[in-house]
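Protein chains in written order, with the working numbering: chain A, 1 to 264; chain B, 1 to 309; chain C, 1 to 292.
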Amino acid sequence: MPEALLEAVALSRRFGGLVAVDAVDFSVRAGAIHGLIGPNGAGKTTLLNLIAAALPASGGTLRFHGEDITRWGPARRARAGIRRTFQNLKLFAEMTALQNASLGLHAGTRAGIFAALVGTPGQRREEREIAHGARRALEFVGLAAQADVVAAKLPYGHRRLLEIARAIVAQPALLLLDEPAAGLNATEAVNLAGLIRRIQGLGTTVVLVEHQMDVVMTVCDTITVLNYGRKLAQGAPLEIQRSPEVIEAYLGGGDEPPAAHAVA
Amino acid sequence: MTRIVTAAILAALFALPLFGPHPFILHMLSLVAISATVALGLQLLLGFSGQLSIGQAAFYGIGAYASGLLSTRLGLPFPAAFAAAGLAAALASLLMVPITRLTGAYLAVATLGFSILVYLLLKNEEWLTGGSFGLMGIPRPSLFGHVLTQPGHAYLLCVSVAALVYFSLLRLERSRFGRAINAIRQNEDAARACGVQVTLLKSQCFVIAAFVAGLAGSLYAHQVRYLAPTDFTFWKSVEILIMVVIGGMGSLFGAVLGAAVVVLLPEVLREVGDYRMLVFGAILMAVMLFGETGIAGFLGQCLKPFSKR
Amino acid sequence: MYLADLFAAGLAIGCVYSLVALGFAMIIRATGIIHFAQGELLMLGSMSALSTLWLMPRLPAVLVLVCGMIASGVLAVAMEFLVYRPLRLRRVPLMNVITATVGMSILCINAARILWGSEPLRYPELFSSSAYGIFGVRVSPQLVWIMLFGVVLMGLLQLFLKRTRTGLVMQAVAQDAEVAQLMGANLTRMMVYTFAIAGMMAGAAGVMFGSLFFSFFEMGFVLGIKGFVAATLGGLGSLAGAMLGGIVFGLIETFSAVYVSSAYKDAIGMVLLIAILLFLPSGLVGLWKRRA
Numbered sequence: 001m002p003e004a005l006l007e008a009v010a011l012s013r014r015f016g017g018l019v020a021v022d023a024v025d026f027s028v029r030a031g032a033i034h035g036l037i038g039p040n041g042a043g044k045t046t047l048l049n050l051i052a053a054a055l056p057a058s059g060g061t062l063r064f065h066g067e068d069i070t071r072w073g074p075a076r077r078a079r080a081g082i083r084r085t086f087q088n089l090k091l092f093a094e095m096t097a098l099q100n101a102s103l104g105l106h107a108g109t110r111a112g113i114f115a116a117l118v119g120t121p122g123q124r125r126e127e128r129e130i131a132h133g134a135r136r137a138l139e140f141v142g143l144a145a146q147a148d149v150v151a152a153k154l155p156y157g158h159r160r161l162l163e164i165a166r167a168i169v170a171q172p173a174l175l176l177l178d179e180p181a182a183g184l185n186a187t188e189a190v191n192l193a194g195l196i197r198r199i200q201g202l203g204t205t206v207v208l209v210e211h212q213m214d215v216v217m218t219v220c221d222t223i224t225v226l227n228y229g230r231k232l233a234q235g236a237p238l239e240i241q242r243s244p245e246v247i248e249a250y251l252g253g254g255d256e257p258p259a260a261h262a263v264a
Numbered sequence: 001m002t003r004i005v006t007a008a009i010l011a012a013l014f015a016l017p018l019f020g021p022h023p024f025i026l027h028m029l030s031l032v033a034i035s036a037t038v039a040l041g042l043q044l045l046l047g048f049s050g051q052l053s054i055g056q057a058a059f060y061g062i063g064a065y066a067s068g069l070l071s072t073r074l075g076l077p078f079p080a081a082f083a084a085a086g087l088a089a090a091l092a093s094l095l096m097v098p099i100t101r102l103t104g105a106y107l108a109v110a111t112l113g114f115s116i117l118v119y120l121l122l123k124n125e126e127w128l129t130g131g132s133f134g135l136m137g138i139p140r141p142s143l144f145g146h147v148l149t150q151p152g153h154a155y156l157l158c159v160s161v162a163a164l165v166y167f168s169l170l171r172l173e174r175s176r177f178g179r180a181i182n183a184i185r186q187n188e189d190a191a192r193a194c195g196v197q198v199t200l201l202k203s204q205c206f207v208i209a210a211f212v213a214g215l216a217g218s219l220y221a222h223q224v225r226y227l228a229p230t231d232f233t234f235w236k237s238v239e240i241l242i243m244v245v246i247g248g249m250g251s252l253f254g255a256v257l258g259a260a261v262v263v264l265l266p267e268v269l270r271e272v273g274d275y276r277m278l279v280f281g282a283i284l285m286a287v288m289l290f291g292e293t294g295i296a297g298f299l300g301q302c303l304k305p306f307s308k309r
Numbered sequence: 001m002y003l004a005d006l007f008a009a010g011l012a013i014g015c016v017y018s019l020v021a022l023g024f025a026m027i028i029r030a031t032g033i034i035h036f037a038q039g040e041l042l043m044l045g046s047m048s049a050l051s052t053l054w055l056m057p058r059l060p061a062v063l064v065l066v067c068g069m070i071a072s073g074v075l076a077v078a079m080e081f082l083v084y085r086p087l088r089l090r091r092v093p094l095m096n097v098i099t100a101t102v103g104m105s106i107l108c109i110n111a112a113r114i115l116w117g118s119e120p121l122r123y124p125e126l127f128s129s130s131a132y133g134i135f136g137v138r139v140s141p142q143l144v145w146i147m148l149f150g151v152v153l154m155g156l157l158q159l160f161l162k163r164t165r166t167g168l169v170m171q172a173v174a175q176d177a178e179v180a181q182l183m184g185a186n187l188t189r190m191m192v193y194t195f196a197i198a199g200m201m202a203g204a205a206g207v208m209f210g211s212l213f214f215s216f217f218e219m220g221f222v223l224g225i226k227g228f229v230a231a232t233l234g235g236l237g238s239l240a241g242a243m244l245g246g247i248v249f250g251l252i253e254t255f256s257a258v259y260v261s262s263a264y265k266d267a268i269g270m271v272l273l274i275a276i277l278l279f280l281p282s283g284l285v286g287l288w289k290r291r292a
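In structure tokens form, the structure reads like this:
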């Protein structure tokens with residue numbers, strides 16, 4: 001039985017009287033691409049934010065590699081190997097693509113103020129490694145040519161790719177993607193699906209919140225469906241498409257059910 | 001290209017005393033170098049890490065008084081007093097570490113409150129600082145037992161310190177640390193998501209800026225040789241802020257230019273004298289409205305056609 | 001008897017702080033910026049009213065107050081129109097707006113120094129000098145009048161905001177500018193009104209403070225900060241908090257000044273400010289809400 005890389009037990013998040021995530025049990029198998037879908041307002045992004053520690057949990061526990069990380073902050077989780085992208089891109093607008101990617105390697109490196117001032121050989125070596133790693137990440141997502149372009153000047157599709165490059169440069173164990181296909185056209189979405197598969201090939205586990213069903217159904221090994229903050233269903237893409245509860249949840253909410261975008 | 005220009009400027013600065021300029025000019029330029037040092041510290045804090053502090057005068061004052069008191073009361077030689085000044089200011093800034101959690105205007109107001117507290121201490125604790133009567137008779141700086149009586153030598157000391165601080169901060173800017181604090185300024189959430197320890201780095205910026213301000217304070221004390229609490233009020237903090245803003249936020253060179261403008265302008269335009277702060281207030285607003293990249297940014301635009309690439 | 005005096009003094013200065021705090025709160029709610037020049041609006045109102053009084057020495061106290069309020073109100077609107085609106089329209093980063101308000105502050109202070117000189121200026125007697133008897137306790141008439149004016153002004157403001165159309169629209173804009181605009185609110189006009197009212201409150205505070213103590217060109221600086229402390233203590237962004245915070249801070253400051261050396265009187269506010277920002281950022285109102 002493959003081990004759970006990430007395990008949430010009864011994870012909850014309340015905003016005053018509103019329960020956004022209601023005691024969800026959520027388990028991610030190592031090496032899988034795990035989709036997280038649900039009608040609008042289901043709590044998918046909130047759940048992702050809980051995993052990334054962008055929000056503190058109101059209840060429940062979260063385990064990563066078996067370790068309890070419930071109280072850990074976002075920076076600590078990032079250092080432990082959980083990286084993420086943001087739904088509304090959070091790039092460092094004034095920096096070049098290469099510099100943005102380099103920041104993804106901040107956590108794994110150590111050269112501090114003293115080393116920078118003195119210019120120790122260790123620090124110089126680290127800088128070379130950072131530059132090298134950043135370039136490789138940009139190549140991987142297809143942005144090698146844009147390395148020296150300032151992030152604010154990149155077209156939207158490239159900015160999305162850059163955010164992913166920054167998140168994978170440190171070869172994280174777990175990658176959280178928050179609506180990575182938002183605003184992408186059909187071609188870009190297909191490229192994205194391919195990219196996510198290649199990321200999986202590197203050994204990274206992926207959790208993906210997404211509305212665009214083509215991408216979700218093509219790429220995911222498992223899908224969890226949320227509704228009203230609770231887990232509604234979990235299973236392989238085909239099962240989810242055929243599940244009556246899932247269809248009901250989407251139809252009831254006025255959204256189109258997943259099967260409408262079935263990819264065989 | 002920039003290396004040649006930088007080397008040329010440095011050479012000119014260091015060679016200046018050889019041309020026998022009037023001592024007053026050397027004195028003014030020393031003050032420019034001292035102000036530039038404080039401004040460089042604020043540039044790290046504001047321009048790089050994005051933390052608006054309008055209380056740097058507190059650390060400037062702590063450094064000045066520490067150095068002045070240690071040399072007059074305890075007879076400590078200048079190098080020791082100088083180092084102690086920086087350390088005293090840095091230690092005081094540790095009190096501010098909890099404040100680094102705050103952002104934007106709230107941080108600014110907190111730093112303001114802190115600097116008012118320091119000012120009140122300087123003014124009221126007469127037994128220590130001499131209060132409103134001031135601290136007098138601070139000796140000239142001395143190196144290895146040799147007292148720097150010549151204004152040219154004192155000038156070289158100030159310029160050396162300013163240059164050292166400048167190049168140190170330049171190295172930091174281009175390092176992993178510099179990238180991280182710039183990231184914090186541009187998008188704090190994203191920086192955290194990359195594993196950057198935001199509060200730690202922000203605090204480190206505060207301490208460095210305070211340390212640098214303390215060193216500058218020491219130079220100031222031994223340059224003007226008389227200190228009064230009124231030298232270190234909110235207005236001094238504002239002056240330092242203006243230097244950074246006019247020079248260009250985010251540019252180390254800009255901080256130096258800004259310092260030169262703020263210190264020299266009243267002298268150059270004697271008529272402006274009384275209206276000095278009035279003009280500065282107006283300039284501050286104008287720069288915010290029209291050209292937030294400051295003088296350095298403006299120069300950069302002018303020089304763009306000439307740079308290789 | 002002594003306690004009563006202190007209490008009255010605390011309440012009176014508390015009213016002054018409340019008015020300044022209200023200005024801060026209104027501007028923060030509407031624009032999100034901390035208006036560093038708020039204290040200068042207080043000072044300019046105070047000085048303008050004094051100048052009016054020099055010109056017309058027989059002017060009754062109420063009219064002096066009104067003159068001060070008008071002066072500050074006009075100046076506040078000028079600030080909004082000339083500086084803050086262009087900044088807002090250019091979508092300049094927050095840091096720059098804050099720096100601009102600092103610049104405005106410097107400009108005002110130095111303009112005042114040039115116009116009125118650097119010496120403190122006394123207000124002529126605005127109120128009769130014999131003390132009133134209230135509940136058998138003798139209280140200085142100045143303090144009574146100031147409290148009265150303060151309460152009336154704050155009451156009028158509440159009435160305006162809650163009962164008039166314009167007031168309600170202003171509240172709507174403060175809560176959600178986009179939606180209010182969709183409903184037909186004229187954002188620009190509301191901004192002008194917000195600044196005008198904030199200015200008038202500050203001007204009134206300036207006249208009150210001037211008549212209690214004196215006016216001088218730097219008075220706005222410390223009073224502005226204290227007004228901010230009051231607003232933060234009450235809960236930044238809340239009007240009720242601003243009023244409450246002002247009174248509470250006025251009392252705290254007046255009573256602790258007795259037990260702390262007068263040289264460090266201003267330090268009380270600074271320490272309180274830093275403590276609130278660190279430990280109770282949502283202020284007293286936030287504390288109240290958490291209990292509910």
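Glycine included, C-beta positions come from ideal geometry on N, C-alpha and C.
Opening and closing residue of the beta strand (DSSP E) in which residue i lies
i                : result
Ile33 (chain A)  : 33-37
Leu177 (chain A) : 174-178
Glu7 (chain A)   : 4-15
Val74 (chain C)  : Counting along the chain, Val74 (chain C) falls outside any beta strand (DSSP E), though it belongs to the alpha helix (DSSP H) covering 61-79.
Residue i versus the options, residue with shortest Cα-Cα distance
i                : options                               : result
Leu53 (chain C)  : C:Arg90, C:Ile33, C:Pro124            : C:Pro124
Pro172 (chain A) : A:Leu105, A:Pro39, A:Asn100           : A:Leu105
Val118 (chain A) : B:Arg171, B:Pro79, B:Phe144, B:Gly300 : B:Arg171
Leu44 (chain C)  : C:Met104, C:Leu89, C:Leu11, C:Ala12   : C:Met104
Leu252 (chain B) : B:Val212, B:Tyr166, B:Val5, B:Ile138  : B:Tyr166
Arg192 (chain B) : A:Asn40, A:Thr96, A:Leu103            : A:Leu103
Reduced DSSP secondary structure (H/G/I, E/B, other) of residue i
i                : result
Arg140 (chain B) : coil
Arg192 (chain B) : helix
Gly59 (chain A)  : strand
Gln51 (chain B)  : coil
Asp221 (chain A) : coil
Inter-residue Cα distance where the pair is residue i and residue j
i                : j                : result
Ala53 (chain A)  : Ala190 (chain B) : 12 Å
Leu272 (chain C) : Phe279 (chain C) : 10 Å
Arg63 (chain A)  : Thr70 (chain A)  : 7 Å
Leu87 (chain B)  : Val97 (chain B)  : 16 Å
Pro121 (chain A) : Ala255 (chain B) : 30 Å
Thr166 (chain C) : Lys236 (chain B) : 42 Å
Leu208 (chain A) : Cys194 (chain B) : 18 Å
Val157 (chain B) : Leu45 (chain B)  : Per the sequence presented here, residue 157 (chain B) reads as Leu, with Val not at that position. Near 25 Å, if we compare the C-alpha coordinates of Leu45 (chain B) and Leu157 (chain B).
Gly283 (chain C) : Phe144 (chain B) : 55 Å
Ala58 (chain B)  : Gly131 (chain B) : 15 Å
Val21 (chain A)  : Asn49 (chain A)  : 11 Å
Gly199 (chain C) : His35 (chain C)  : 11 Å
Short Cβ contact (8 Å threshold) for residue i with residue j
i                : j                : result
Glu40 (chain C)  : Ile109 (chain C) : yes
Trp21 (chain C)  : Ala242 (chain C) : Before going further, note that residue 21 (chain C) is Ala rather than Trp in the sequence given. Yes, they are a contact pair.
Ala162 (chain B) : Pro141 (chain B) : no
Leu232 (chain A) : Ala249 (chain A) : yes
Arg84 (chain A)  : Leu176 (chain A) : yes
Cys220 (chain A) : Gly35 (chain A)  : yes
Limits of the alpha helix (DSSP H) - the one that residue i falls within
i                : result
Lys202 (chain B) : 198-224
Phe140 (chain A) : 121-141
Val5 (chain B)   : 2-15
Ile199 (chain A) : 186-201
Residue i CB to nearest heavy atom of the ligand COA below 7 Å
i                : result
Ala111 (chain C) : For the ligand COA, the structure offers nothing, since it holds no ligand at all.
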